[in-house]
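Colleague: The structure under discussion is supplied below as structure tokens; questions concerning it will follow.
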Amino acid sequence: MKKTLIVAAGLAVLSTSAFASKARMTALNQATSNGSYYMQDNRNIWRSAAALNDLGSHVTAEFGASATAGAGGTANGGFFQSSGALNYGLYLNETENMGGVADVGTANPARADLFFAQSNWGVRLGYESITVDNVGGSGETSEGTGFDFGVGYNMNDLGLWMNYQPAVTNTVAGTDADGEAAMNLGATYEMNDYTLFAEYISPNDDDSAIVLGAGRTYDVNAGTMFYDVTLANTTVGDDTDTDVSVAFGAEVKASDWLTWRLSLRQSVLQTGDSETSTRDTQLGAGASLTWGGMVVDGTIQNAGTGALGTDQFLSTVSMTYMF
Numbered sequence: 000m001k002k003t004l005i006v007a008a009g010l011a012v013l014s015t016s017a018f019a020s021k022a023r024m025t026a027l028n029q030a031t032s033n034g035s036y037y038m039q040d041n042r043n044i045w046r047s048a049a050a051l052n053d054l055g056s057h058v059t060a061e062f063g064a065s066a067t068a069g070a071g072g073t074a075n076g077g078f079f080q081s082s083g084a085l086n087y088g089l090y091l092n093e094t095e096n097m098g099g100v101a102d103v104g105t106a107n108p109a110r111a112d113l114f115f116a117q118s119n120w121g122v123r124l125g126y127e128s129i130t131v132d133n134v135g136g137s138g139e140t141s142e143g144t145g146f147d148f149g150v151g152y153n154m155n156d157l158g159l160w161m162n163y164q165p166a167v168t169n170t171v172a173g174t175d176a177d178g179e180a181a182m183n184l185g186a187t188y189e190m191n192d193y194t195l196f197a198e199y200i201s202p203n204d205d206d207s208a209i210v211l212g213a214g215r216t217y218d219v220n221a222g223t224m225f226y227d228v229t230l231a232n233t234t235v236g237d238d239t240d241t242d243v244s245v246a247f248g249a250e251v252k253a254s255d256w257l258t259w260r261l262s263l264r265q266s267v268l269q270t271g272d273s274e275t276s277t278r279d280t281q282l283g284a285g286a287s288l289t290w291g292g293m294v295v296d297g298t299i300q301n302a303g304t305g306a307l308g309t310d311q312f313l314s315t316v317s318m319t320y321m322f
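Numbering-wise (numbering that gives the first Met the number 0), the sequence shown opens with residue 0 and increments by one.
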């Protein structure tokens with residue numbers, strides 16, 4: 000939600016490894032930013048901090064480039080610990096959620112998030128900062144500092160959450176520039192075999208979205224099937240559009256060490272001011288390799304070409320260790 004409006008329904012299902020990753024979310028055909036609306040997933044903490052109560056002690060790392068000269072670092076990950084009823088952790092370099100501190104040239108702000116959760120509640124506090132002296136030899140300093148927070152609360156069949164990033168003032172080469180506030184708030188409700196979900200998303204002063212939907216998962220043989228229907232009403236600038244999509248997929252434990260997953264998503268209705276309605280079918284495919292408490296997740300790199308080979312078999316790789 001940092002610079003563009005991202006609207007995606009959570010499609011994650013109950014993993015055979017019990018945890019998840021950006022790689023698994025990609026394979027299950029959803030945005031990687033904040034997990035699932037209706038099943039356990041370690042990305043859920045970015046929507047509702049209360050989801051940390053479901054995860055236990057673990058360390059996770061998303062593969063990516065290390066930062067060089069203050070720029071380009073895409074690797075990120077976190078360490079989470081349970082102590083009695085209290086769950087807490089630190090996550091470094093999450094760039095897909097919140098944060099209004101501006102880049103300075105090619106340099107990017109540093110970010111860290113603290114989590115605390117217990118029983119049916121959870122809180123998150125995020126911090127970003129950047130300082131670059133003598134920008135471009137001008138003698139001016141560019142800097143920015145920002146805080147954001149999230150809260151979540153689960154009560155019986157009802158789940159509630161809110162995340163908020165206040166407006167940020169960035170000083171760029173001696174000139175102040177305001178970054179707009181952002182927020183999202185929503186709820187889930189368990190009804191029979193389905194989870195109903197609703198969320199309002201506002202990444203800036205001009206754009207917004209309302210997401211409504213229902214999803215279901217169920218066990219079959221050695222795996223889990225899922226499907227959902229999602230309606231997203233999105234306003235970007237002067238255009239308001241409505242998209243209704245359906246998704247389905249499966250996650251199958253082939254052996255003690257191998258899990259396969261696949262999914263498809265496609266819109267069945269696209270209408271609105273942009274007057275755009277096109278084919279948007281999305282395929283997701285991936286696998287997990289498990290050794291004891293260690294899980295290596297990845298998406299199948301050649302799935303989009305119709306090929307399955309051993310050369311660079313997995314991409315978007317991540318690792319999670321449960322302890």
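Backbone N, C-alpha and C define an ideal beta-carbon position, used for all residues, glycine too.
Which of the three DSSP states is assigned to Trp290 in this structure?
Modeller: Here residue 290 refers to the residue found at position 291 when the sequence shown is read from its first residue. Trp290 falls in the strand class under three-state DSSP.
Colleague: Contact check, Ala116 vs Ile129 under 8 angstroms by CB: the rounded distance?
Modeller: Within the sequence shown, numbered from 1, the residue matching residue 116 stands at position 117. Within the sequence shown, numbered from 1, the residue matching residue 129 stands at position 130. At roughly 29 angstroms, the Cβ-Cβ gap does not stay under 8 angstroms, so Ala116 and Ile129 are not in contact.
Colleague: Does the Cβ of Leu51 have 16 or more other Cβ atoms within 10 Å, making it buried, or fewer, making it exposed?
Modeller: As a first step, residue 51 is located in the sequence shown; it is residue number 52 there, counting from the start. Buried, because 16 or more other Cβ atoms sit within 10 Å of the Cβ of Leu51.
Colleague: Spatial neighbours of Leu195 within its chain, please: CB distance less than 6 angstroms, with the 5 preceding and 5 following residues excluded, ordered by chain position.
Modeller: Sequence index remark: in the sequence shown, residue 195 carries index 196 (1-based). Closer than 6 angstroms at Cβ, skipping near neighbours: Tyr188 and Ala213.
Colleague: Going along the chain, which unbroken runs of the beta strand (DSSP E) with 3 or more residues stay wholly within the stretch 127-174?
Modeller: 141-154, 157-164 and 167-171, all fully within the stretch 127-174.
Colleague: Report the residue ranges of all beta strand (DSSP E) runs contained in full by the stretch 105-129; include only those spanning at least 3 residues, in chain order.
Modeller: Within the stretch 105-129, the complete beta strand (DSSP E) runs of at least 3 residues are 109-117.
Colleague: Could you tell me the distance, in whole angstroms, from the CA atom of Gly145 to the CA atom of Val294?
Modeller: On the sequence shown, residue 145 is found 146 positions in, with the first residue counted as 1. On the sequence shown, residue 294 is found 295 positions in, with the first residue counted as 1. The straight-line gap from Cα to Cα measures roughly 34 angstroms.
Colleague: Three-state secondary structure (DSSP) at Ala30?
Modeller: Residue mapping note: residue 30 aligns to position 31 of the sequence shown, counting from 1. Coil at Ala30, not helix or strand.
Colleague: With DSSP collapsed to three states, give me the class of Arg215.
Modeller: In the sequence shown, residue 215 corresponds to position 216, counting from 1. If DSSP states are grouped into helix, strand and coil, Arg215 belongs with the strands.
Colleague: What are the partner residues of Gln269, as DSSP defines its beta bridges?
Modeller: Locating residue 269 in the sequence shown gives position 270, counting from the first residue. Per DSSP, Asp242.
Colleague: Taking 8 angstroms as the cut-off, decide whether the C-beta atoms of Val122 and Val103 are in contact.
Modeller: By 1-based counting over the sequence shown, the position of residue 122 is 123. By 1-based counting over the sequence shown, the position of residue 103 is 104. No, the Cβ-Cβ distance between Val122 and Val103 is not below 8 angstroms.
Colleague: Tyr36 to Gly136, Cα distance in whole Å?
Modeller: Translated into positions along the sequence shown, residue 36 becomes position 37. Translated into positions along the sequence shown, residue 136 becomes position 137. The alpha-carbon atoms of Tyr36 and Gly136 are separated by roughly 48 angstroms.
Colleague: Residues in the same chain with beta-carbon distance under 7 angstroms from Ser314, minus the five sequence neighbours each way, listed in chain order, please.
Modeller: Translated into the one-based positions of the sequence shown, residue 314 becomes position 315. Answer for Ser314: Gly297, Thr298 and Gln300, listed in chain order.
Colleague: Residues bridged to Ser65 by DSSP?
Modeller: The residue given as residue 65 occupies position 66 in the sequence shown. Bridge partners of Ser65: none, in fact.
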